[in-house]
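J.: Using our numbering, the first residue of the sequence shown is number 7, and each one after it goes up by one. Just so it is clear, CB atoms sit at the ideal spot from N, CA and C, and this is done for glycine as well. I'd like to ask you about the structure that follows.
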Amino acid sequence: MPSSPRSWLRVPRPKSFLGLLSLATGTELITLALIFNKATGFYGFLTLLTGYSASALQVTSYLGSLAVLAILALCAPRIRDRSSPLHMLALAWTYAIDTLVSAAYTAAFGAAWYVALANGNVTEEGAAGKGEATAGEGNTARDGQANKAGVHDTAASMVLIVAFTLVRVYFALVVMAHARMVVLHFVDERMPEAEEVSDLSQDPFAEGAPLGEGWKGKLGRAMVSVGRGYWLGGKKEDEEWARAVNSKFRSSRK
7 MPSSPRSWLR
17 VPRPKSFLGL
27 LSLATGTELI
37 TLALIFNKAT
47 GFYGFLTLLT
57 GYSASALQVT
67 SYLGSLAVLA
77 ILALCAPRIR
87 DRSSPLHMLA
97 LAWTYAIDTL
107 VSAAYTAAFG
117 AAWYVALANG
127 NVTEEGAAGK
137 GEATAGEGNT
147 ARDGQANKAG
157 VHDTAASMVL
167 IVAFTLVRVY
177 FALVVMAHAR
187 MVVLHFVDER
197 MPEAEEVSDL
207 SQDPFAEGAP
217 LGEGWKGKLG
227 RAMVSVGRGY
237 WLGGKKEDEE
247 WARAVNSKFR
257 SSRK
């Protein structure tokens, strides 16, 4: 039976981390890597306190790193706590948004650097070489070779940037998949009498639900409302996948 167009547009839902580790373990490793990454932004912010001058883009990047570190400090200890879907949703949204923002910053810095390289304004050596280009054809040839090498280096750098961005997108999908599993597990454990509506599990943050009170309930409803079908849907598909894996495991043992 061919897949429907809607299934092709569905956000991927990893079942494990790199096919080897559980989503919880993968989320812990990814969060730890993000903490180390944002720690550099924290030290950058400290340099601002010493009077170091920085651009507005750098300042916003440092402040964003502080905000992400604060959220990680609250959510990281709850990664394996299946009774706290709010923290996992906050972690998933934080990582996803940080991935998009980091990609935008990288694109901005990369574009500025590429333009500067194309104009020959990247280094003083490039400027000096440009000034000496009129000294003879030998210097001109060397400058041409240097420019070609610079273009090749830039292309390699762009490939690495794209590769790292794709890795971060995969990491974001892993963290989101873990948060989704925590939400669905909470619904199964704390709301067993709740009925699915249009293949969607009940919202644990809805008014009157176990997690629907106060500002936490409002925050949870806001996070679940975006991509509701992802966070609360697909339970039947997950069960079919689990049955298929169990059947393959049992057949392999025979």
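#1: Could you tell me the alpha carbon to alpha carbon distance between alanine 109 and threonine 171, rounded to whole angstroms?
#2: For the region 90 to 98 against the region 39 to 58, are there 3 or more C-beta pairs whose distance is under 8 Å?
#3: In terms of DSSP beta bridges, what is leucine 217 paired with?
#4: Give the range of the alpha helix (DSSP H) segment to which lysine 44 is assigned.
#5: What three-state label does DSSP hand phenylalanine 23 in the structure shown?
#6: Using the Cα positions of glutamate 34 and asparagine 125, report the straight-line distance between them to the nearest angstrom.
#7: Can you find the residues in the same chain that come closer than 8 Å, C-beta to C-beta, to proline 210, ignoring five residues on each side of it along the sequence?
#8: How many whole angstroms separate the CB atoms of alanine 169 and threonine 105, which I take to be in contact at a CB cut-off of 8 Å?
#9: Straight-line CA distance for phenylalanine 48 to valine 74?
#10: Please work out which residues of its chain come closer than 6 Å, Cβ to Cβ, to alanine 133, disregarding the five sequence neighbours upstream and downstream, and give them in chain order.
#11: Under three-state DSSP, which class holds glycine 70?
#12: Can you list, in chain order, the residues of its chain whose CB lies under 7 Å from that of tryptophan 99, leaving out five sequence neighbours each side?
#13: Report all residues from its chain with a CB closer than 7 Å to the CB of serine 22; omit the five preceding and five following residues, and keep chain order.
#14: Given a cut-off of 8 Å on the beta-carbon distance, is the pair glycine 116 and isoleucine 36 in contact?
#15: Near threonine 31, what residues of its chain come up, given a Cβ to Cβ distance below 7 Å and the 5 sequence neighbours on each side ignored?
#16: Taking the straight line between their C-alpha atoms, what separation do you get for tyrosine 120 and tyrosine 176?
#17: For histidine 184 and arginine 88, I'd like the C-alpha separation in whole angstroms.
#18: Quick one: grab the DSSP three-state call for proline 18.
#19: With a CB to CB cut of under 7 Å and the five nearest residues on each side skipped, what residues in its chain are close to glycine 182?
#20: Distance check for valine 173 and proline 18, CA to CA, integer angstroms please.
#21: Going by the beta-carbon positions, is the gap between leucine 52 and leucine 78 smaller than 8 Å?
#22: Give the secondary structure of alanine 113 by DSSP, where H, G and I count as helix, E and B as strand, and everything else as coil.
T.: The short version:
#1: Taking the sequence shown and counting its residues from 1, one reaches residue 109 at position 103. Taking the sequence shown and counting its residues from 1, one reaches residue 171 at position 165. C-alpha separation (whole angstroms): 7 Å.
#2: Too few Cβ pairs lie closer than 8 Å, so no.
#3: Looking up residue 217 in the sequence shown gives position 211. DSSP output for leucine 217 lists no bridge partner at all.
#4: For the purposes of this step, residue 44 is identified with residue 38 of the sequence shown, where counting begins at 1. Per DSSP, the continuous alpha helix (DSSP H) segment holding lysine 44 begins and ends at 29 to 55.
#5: Translated into positions along the sequence shown, residue 23 becomes position 17. Correct three-state label for phenylalanine 23: strand.
#6: Residue 34 sits at position 28 when you count from the first residue of the sequence shown. Residue 125 sits at position 119 when you count from the first residue of the sequence shown. Whole-angstrom Cα-Cα distance: 44 Å.
#7: Position 204 of the sequence shown, counted from the first residue, corresponds to residue 210. Contacts found: Pro91, Val189, Phe192, Val193, Arg196, Met197, Pro216, Leu217, Gly218 and Gly226.
#8: Taking the first residue of the sequence shown as position 1, residue 169 is located at position 163. Taking the first residue of the sequence shown as position 1, residue 105 is located at position 99. That belief does not hold up - the Cβ atoms of alanine 169 and threonine 105 are roughly 14 Å apart, past 8 Å.
#9: One-based indexing of the sequence shown puts residue 48 at position 42. One-based indexing of the sequence shown puts residue 74 at position 68. In this structure, the alpha-carbon of phenylalanine 48 lies about 10 Å from that of valine 74.
#10: Taking the sequence shown and counting its residues from 1, the one referred to as residue 133 is at position 127. Reliability of the predicted coordinates at alanine 133 is poor, the pLDDT of 42 falling under 50, and no value is obtained from them.
#11: The count along the sequence shown starts at 1 and reaches residue 70 at position 64. It is helical.
#12: Counting from 1 along the sequence shown, the entry for residue 99 is found at position 93. Sequence-distant Cβ neighbours of tryptophan 99 in its own chain, meaning closer than 7 Å and more than five residues away, are Met229.
#13: Your numbering for residue 22 matches position 16 in the sequence shown. If we look at serine 22 and ignore the five residues flanking it on each side, its Cβ neighbours are Ser28 and Leu29.
#14: Translated into the one-based positions of the sequence shown, residue 116 becomes position 110. Translated into the one-based positions of the sequence shown, residue 36 becomes position 30. No.
#15: Looking up residue 31 in the sequence shown gives position 25. Here the set comprises Phe23.
#16: For the purposes of this step, residue 120 is taken as the residue at position 114 of the sequence shown. For the purposes of this step, residue 176 is taken as the residue at position 170 of the sequence shown. About 27 Å.
#17: Numbered from 1 along the sequence shown, position 178 holds the residue referred to as residue 184. Numbered from 1 along the sequence shown, position 82 holds the residue referred to as residue 88. Whole-angstrom Cα-Cα distance: 10 Å.
#18: Here residue 18 refers to the residue found at position 12 of the sequence shown. Of the three classes helix, strand and coil, the one that applies to proline 18 here is coil, per DSSP.
#19: Here the question's residue 182 lines up with position 176 in the sequence shown. Rather than glycine, the amino acid found at residue 182 in this sequence is methionine. Only residues of its own chain outside the window of five on either side were considered, and among them Ala98 and Ala102 have a CB closer than 7 Å to the CB of methionine 182, listed in chain order.
#20: Residue numbering aside, residue 18 sits at position 12 when the sequence shown is read from its first letter. Residue numbering aside, residue 173 sits at position 167 when the sequence shown is read from its first letter. Looking at the two C-alpha atoms, the distance is approximately 14 Å.
#21: Within the sequence shown, numbered from 1, the residue matching residue 52 stands at position 46. Within the sequence shown, numbered from 1, the residue matching residue 78 stands at position 72. Contact flag unset, no.
#22: Residue mapping note: residue 113 aligns to position 107 of the sequence shown, counting from 1. Alanine 113: helix per DSSP, three-state reduction.
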